[in-house]
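Everything below concerns the one structure shown next.
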DNA sequence: ATCCCTGCAAAGCCTTTGCAATGCA
DNA sequence: TGCATTGCAAAGGCTTTGCAGGGAT
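Encoded structure:
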């Protein structure tokens, strides 16, 4: 547990629910540790994912977002401005029937709702 | 409708359910049109997505996969070998309650089941 | 003749890698 | 002291852009 890792985790805890990308985390961490390298960010994020503390999300927005694992939830994304919201979701609610599982051991599933946020629904573009 | 577009569409129709990436399509199209440029692939795919013929999938596998829109289905991915399977899924089955929608106009949602295919479940790594 | 599409080449963005130096335990 | 971690710099993969040539209508 190094200062670098503490700083990264702190950003994730403070900015919970912004779902930052590695790049955004990198940008923010510059404030306190201006010469942290990208490699450190990526290393740390991967380890935290490995440890099960973070989840890495691909939401169809063209980047990888990192999310502290707090509770069961799905994501709601604005296809226009890329805003991301958490929504409550019970992962027990949806199961893949055995006969459709192709013999897979299913470990989890993810749900993404896509649409337009209030602002973008009014003025598309 | 140019020969290039026909070739790309044909690959998608023939290889339905392999969910190729742009790169994979690019590689395959070389067989018949060796000097098609990447730009053409990407342009065409984007247009087809725009037209609603294809959907672009980010499945957490680190690339963008293209899928002919035939029928309602979800995706099942192997976290190890990255195999992708279609599974039947009724998109009417899951709805986001208004009070959780943050005012969004929800247009659709996507479901990804994650797990390990039979081969990878036996010999992980 | 016009306009859209193509190929080419280069740049771009994000991420990963290799290696030497650092510093934590 | 020893070993994991860091920073740096460079490379890598994939995608996008700009521009000029070419084909189709």
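Chains as they are written, first to last, in the working numbering: chain S, 268 to 392; chain E, 268 to 392. For glycine and all other residues, C-beta sits at the position ideal for the given N, C-alpha and C.
From the DSSP output, in three-state form, read off residue i for me.
i	result
residue 346/E	coil
residue 293/E	helix
residue 369/E	coil
residue 362/E	coil
residue 336/E	coil
residue 270/S	helix
residue 385/E	helix
Compute the beta-carbon to beta-carbon distance between residue i and residue j, rounded to the nearest angstrom, for a pair I have assumed lies under 8 angstroms.
i	j	result
residue 382/E	residue 371/S	4 angstroms
residue 358/E	residue 342/E	Not really, about 13 angstroms apart at Cβ, beyond 8 angstroms.
residue 378/E	residue 361/S	7 angstroms
residue 369/S	residue 356/S	The pair is not a contact, with the Cβ atoms about 24 angstroms apart (cut-off 8 angstroms).
residue 347/E	residue 284/E	That pair is no contact at about 19 angstroms.
residue 351/E	residue 315/E	19 angstroms between Cβ atoms; not a contact.
Query raised in the report: Within the chosen definition, does the segment 292–311 of chain S reach the segment 268–281 of chain S through at least 3 CB pairs nearer than 8 angstroms?
Result: yes
Query raised in the report: Is it a yes or a no for the segment 284–294 of chain E touching the segment 333–340 of chain E, going by three-plus beta-carbon pairs under 8 angstroms?
Result: yes
Report task. Would you list, in sequence order, the uninterrupted beta strand (DSSP E) runs of no fewer than 3 residues that lie entirely inside the segment 294–331 of chain E? Result -> 321–325
Requested in this report: With 7 angstroms as the C-beta to C-beta threshold (strictly closer), list the residues of the segment 376–391 of chain S near chain E in chain order.
Outcome: 376, 377, 378, 379, 380, 381, 382, 383, 384, 385 and 388
**Report entry** Interface positions of the segment 321–338 of chain E facing chain S (Cβ-Cβ less than 9 angstroms), listed along the chain
**Finding:** For the segment 321–338 of chain E, the beta-carbon criterion of a distance under 9 angstroms to any beta-carbon of chain S is satisfied by 323, 324, 325, 326, 327, 328, 329 and 331.
Query - Interface residues of the segment 300–319 of chain E facing chain S [CB-CB below 7 angstroms] - result: none
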